[in-house]
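If you read the sequences in order, they're chains P and H. So the first sequence is residues 67 to 448, counted in the numbering used here. So the second sequence is residues 67 to 448, counted in the numbering used here.
Number of protein chains: 2
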Amino acid sequence: MTLRYERLAQDGVARRGRLHTAHGAVNTPAFMPVGTAATVKGMWPEQVKATGAEIILGNTYHLMLRPGAERVASLGGLHKFMNWPGPILTDSGGFQVMSLSELRKIDEDGVTFRSHVDGSKHHLTPERSIEIQHLLDANVTMAFDECTPFPAEAPVAAESMHRSMRWAERCKAAFKDRPGYGLFGIVQGSVYPELRRESSEWLTRIGYDGYAIGGLAVGEGQEMMFRMIEATIPFLPEDRPRYLMGVGRPLDIVGAVQRGIDMFDCVMPTRSGRTGQAFTRRGTINIRNARHAHDPRPIDADCSCPVCRDYARGYLHHLFKAEEMLGPMLLTAHNLQHYQTLMAGLRGAIEAGRLDAFAAEVAEAESRGDIDPLPDPLAAPT
Amino acid sequence: MTLRYERLAQDGVARRGRLHTAHGAVNTPAFMPVGTAATVKGMWPEQVKATGAEIILGNTYHLMLRPGAERVASLGGLHKFMNWPGPILTDSGGFQVMSLSELRKIDEDGVTFRSHVDGSKHHLTPERSIEIQHLLDANVTMAFDECTPFPAEAPVAAESMHRSMRWAERCKAAFKDRPGYGLFGIVQGSVYPELRRESSEWLTRIGYDGYAIGGLAVGEGQEMMFRMIEATIPFLPEDRPRYLMGVGRPLDIVGAVQRGIDMFDCVMPTRSGRTGQAFTRRGTINIRNARHAHDPRPIDADCSCPVCRDYARGYLHHLFKAEEMLGPMLLTAHNLQHYQTLMAGLRGAIEAGRLDAFAAEVAEAESRGDIDPLPDPLAAPT
Chain P
67 MTLRYERLAQ
77 DGVARRGRLH
87 TAHGAVNTPA
97 FMPVGTAATV
107 KGMWPEQVKA
117 TGAEIILGNT
127 YHLMLRPGAE
137 RVASLGGLHK
147 FMNWPGPILT
157 DSGGFQVMSL
167 SELRKIDEDG
177 VTFRSHVDGS
187 KHHLTPERSI
197 EIQHLLDANV
207 TMAFDECTPF
217 PAEAPVAAES
227 MHRSMRWAER
237 CKAAFKDRPG
247 YGLFGIVQGS
257 VYPELRRESS
267 EWLTRIGYDG
277 YAIGGLAVGE
287 GQEMMFRMIE
297 ATIPFLPEDR
307 PRYLMGVGRP
317 LDIVGAVQRG
327 IDMFDCVMPT
337 RSGRTGQAFT
347 RRGTINIRNA
357 RHAHDPRPID
367 ADCSCPVCRD
377 YARGYLHHLF
387 KAEEMLGPML
397 LTAHNLQHYQ
407 TLMAGLRGAI
417 EAGRLDAFAA
427 EVAEAESRGD
437 IDPLPDPLAA
447 PT
Chain H
67 MTLRYERLAQ
77 DGVARRGRLH
87 TAHGAVNTPA
97 FMPVGTAATV
107 KGMWPEQVKA
117 TGAEIILGNT
127 YHLMLRPGAE
137 RVASLGGLHK
147 FMNWPGPILT
157 DSGGFQVMSL
167 SELRKIDEDG
177 VTFRSHVDGS
187 KHHLTPERSI
197 EIQHLLDANV
207 TMAFDECTPF
217 PAEAPVAAES
227 MHRSMRWAER
237 CKAAFKDRPG
247 YGLFGIVQGS
257 VYPELRRESS
267 EWLTRIGYDG
277 YAIGGLAVGE
287 GQEMMFRMIE
297 ATIPFLPEDR
307 PRYLMGVGRP
317 LDIVGAVQRG
327 IDMFDCVMPT
337 RSGRTGQAFT
347 RRGTINIRNA
357 RHAHDPRPID
367 ADCSCPVCRD
377 YARGYLHHLF
387 KAEEMLGPML
397 LTAHNLQHYQ
407 TLMAGLRGAI
417 EAGRLDAFAA
427 EVAEAESRGD
437 IDPLPDPLAA
447 PT
């Protein structure tokens, strides 16, 4: 193994750990902001770091199409290219090639598809995906897997999972070991506990630096997602990090950490921020709503981010109504810091052995809903 | 007079000065980034300040329509609203009401128009413009003037200028003196030296904290603009700052400083940055051009901005091709710092008594044109 993972504390099956990469350490449980096309949208990298993020995610599919993996390599690799000197995880392209590309054809060798950018034809295999992630200089490389459709009948899910496992073996063979770099396998098996177990055991036999759970957060619901995590974790090695892909909302993350997950990524804080949705301890608000137009209060009075320190809801509302870039920029920064603050809280709670109490507090605060609106001082007297 | 202006050095008619406002001092010659709708587009205020900017410009026309001057006042005034604690100058709305609004009707009282935002009907007078700028809490308030069409025959230009002068008198009467706040008159007169002189003398008789030159940079060309500055400056008081509105390109600014101008504003660095045009000491480049796709060099090797420190042209090219927000954000930051570095150079040159030599150096560097392209390391051998 080439990625060192320390377990620092445990609370139930939840773990407080640290993953050591060639570009620095990552405290877990960790949330990875998504930097699809070599940028976390609307954020300078220094600002991403200032939210508390220690690792970001890049997308193999997007970067292979534009500007091209060889181009990124010729410009010094992804860290230098995008000015993010810290750890980077890249996904394998398996998910995006199914959800974004056109005219896909899958066979045992890999996937042939047309680019959604310019219609050009591409062939992506486990070996090429690993090669691309090497060219990008990813600290954590993800195995190339087949994205099982949802819902899928058990035989279809099994066949798809088996192909992903065969591809995972090819990824392991193609991966070049280097200190501070590692390869994660991805557990598949849709909503079938037996398939999840088979996949976990298969991957564990091969041996990876870490284990991801894929194919969830696709519409199965939180309860089913938690059941699938519970059906997987017992069959993964305890001394390796576990990554729940594409999850999620704050309470999804809290519940997954309680069930033994160490790493997360999700577009939610960034994508929501761009459309005017802000996360608060008391749930989400849509800053475009007229009730915020005259509100001098911050998004979240308990948030220590620079947006809540310096800006009123009324100003943020104005930026979105005027379609100013700064609106999405500020809400993205706030949302990312909200997520990182949650992760710091989870890490502290595990260390203190009070994770369940912390989880209950987060759920209780969210259930209260947003603060009461203030009257508009400019409203005509009635 | 309520705005103190110090003259620290002089080189020919060019001046190195300092304008003291209730929100801080402004070293002149100064360039003011444009923050139309209570935001310098794509920039956090801290980042605007980091470029070296000490004062920004806000737009009365835009802010009166959205979110409304009373709204800004109820949220603490423009400084607090947009988190810019430094000095702010607001234009009067005179220019935008003519260029942006619909169904304008002008008479001696003021201008009636429909909003370009929602079609609502508004009436703007010298008195209301001053009231709005007070509500915004502008440190420098601009007189409300009539925007003379260009080109205009001399009698039309004279009539328009005379109305602007009568309006300037009403603005002076409506302006509330407070320490650290001031009112600037605006010289009009199109391209007619005699009208410029008459307008300058008229305003000087009334007496303002500063004097702007309006109605230039509207298509008359640099040579005519310089001639109009020369026809104006001798008739303005030496102990007050002079502001050339809406100018301009770097060599426009250099030439205007050589002719006695102290303050500038222009959308060029911000608007150009959003479309991919970057300023360098050797002229402008369009980062979208394919020649930059593989270039590991910064926009300008002699620039000390964080964009030139941390990013290759190849990355910036990628951001624009992928339509990522960070592209406009980074180029805006670079361009604004380029402008502020130019202003710092002008101030230093005046102090050193070598302004003409500095101006010649800037012109010579710009005439050289961009650095030679590099071969693409990924290009197929021919």
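Cβ atoms here follow ideal geometry from the backbone N, Cα and C, with glycine treated the same way.
Asked, Found
"Under a CB-based cut-off of 8 Å, is LYS387 of chain P close to chain H?", "yes"
"Looking at chain H, which residues of the segment 342-360 of chain P have a Cβ within less than 8 Å of any of its Cβ atoms?", "ALA359, HIS360"
"From GLY255 of chain H to GLY160 of chain H, what does the alpha carbon distance come to, in whole angstroms?", "15 Å"
"Looking only at C-alpha atoms, which of P:ALA418, P:ALA425, P:LEU129, P:GLU264 sits nearest to VAL320 of chain P?", "P:ALA425"
"So, does the CB of PRO201 of chain P fall closer than 8 Å to a CB anywhere in chain H?", "Here the sequence assigns Leu to residue 201 of chain P, which means Pro is not the residue at that position. So, not an interface residue."
"Nearest CA to the CA of GLU235 of chain H: which residue from H:PHE179, H:LEU269, H:GLY142?", "H:LEU269"
"Which residues, in chain order, does the segment 105-117 of chain P contribute to contact with chain H at a C-beta distance below 9 Å?", "THR105, VAL106, LYS107, GLY108, MET109, TRP110, PRO111, GLU112, GLN113"
"Would you give the residue range spanned by the beta strand (DSSP E) that LEU302 of chain H belongs to?", "Segment: none, LEU302 of chain H is in no beta strand (DSSP E) and carries neither H nor E."
"Could you check where the alpha helix (DSSP H) with MET208 of chain H kicks off and where it finishes?", "Unbroken run through MET208 of chain H is the beta strand (DSSP E), 206-208; no alpha helix (DSSP H)."
"Run down chain P in chain order and give the residues with a C-beta less than 7 Å from the C-beta of ASP376 of chain H.", "ASN149"
"Look at the Cβ atom of GLY101 of chain H, then the Cβ atom of GLN406 of chain H, and state whether they are nearer than 8 Å.", "no"
"Below 9 Å on C-beta distance, what does GLY124 of chain H contact in chain P?", "Chain P residues near GLY124 of chain H: none, gap ~13 Å exceeds 9 Å."
"Closer than 8 Å is the cut-off here; do at least three beta carbon pairs connect the segment 242-261 of chain P with the segment 168-185 of chain P?", "no"
"To the nearest angstrom, how far is it from the Cα of PRO394 of chain P to the Cα of VAL373 of chain P?", "12 Å"
"How many whole angstroms separate the CB atoms of GLN162 of chain P and HIS128 of chain P, which I take to be in contact at a CB cut-off of 8 Å?", "7 Å"
"According to DSSP, is TYR405 of chain P part of a helix, a strand, or is it coil?", "helix"
"Is THR336 of chain P helix, strand or coil when you go by DSSP?", "helix"
"Using DSSP with H/G/I as helix, E/B as strand and the rest coil, what is ILE279 of chain H?", "strand"
"Could you confirm whether any beta carbon from chain H is found closer than 8 Å to the beta carbon of MET334 of chain P?", "no"
"Smallest Cα separation from SER181 of chain P: which of P:ASN205, P:THR126, P:ARG306?", "P:THR126"
"Among residues of its own chain, excluding the 5 on either side of ASP77 of chain H, which ones have a beta-carbon nearer than 6 Å to its beta-carbon?", "ILE416, GLY419, LEU421"
"Quick check: the Cα distance between TYR258 of chain H and CYS213 of chain H, rounded to an integer number of angstroms?", "15 Å"
"Provide the residue span of the beta strand (DSSP E) that contains LYS171 of chain P, from first to last.", "168-172"
"Do the CB positions of SER165 of chain H and PHE210 of chain H come within less than 8 Å of each other?", "no"
"Can you tell me whether DSSP reads GLU390 of chain P as helix, strand or coil?", "coil"
"Taking 8 Å as the CB-CB cut-off, is ARG180 of chain P touching chain H?", "no"
"If you run the structure through DSSP and keep just helix, strand and coil, what is ILE437 of chain P?", "coil"
"Can you find a CB in chain P that lies within less than 8 Å of the CB of PRO217 of chain H?", "no"
"Looking at chain H, is there any beta carbon in it that lies within less than 8 Å of the beta carbon of LEU269 of chain P?", "no"
"Going by C-alpha distance, which of P:PRO153, P:HIS145, P:PHE147, P:ALA75 is nearest ARG98 of chain P?", "According to the sequence as given, residue 98 of chain P is Met; it is not Arg. Per the Cα distances, P:PRO153."
"Using the DSSP secondary-structure output, state which residues sit across from GLY248 of chain H in a beta bridge.", "H:VAL206"
"What does DSSP give as the partner residue(s) for LYS146 of chain P in the beta ladder?", "LYS146 of chain P is not bridged to any residue."
"Using the Cα positions of ILE351 of chain H and ASP361 of chain H, report the straight-line distance between them to the nearest angstrom.", "13 Å"
"On a Cα-Cα basis, can you pick out the residue from H:PRO300, H:LEU282, H:ALA423 that is closest to ARG263 of chain H?", "H:PRO300"
"Figure out for me which residue from P:GLY273, P:LEU402, P:ASP442 has the closest Cα to the Cα of GLY108 of chain P.", "P:LEU402"
"Could you tell me which residues DSSP puts in a beta bridge with GLU72 of chain P?", "P:ARG84"
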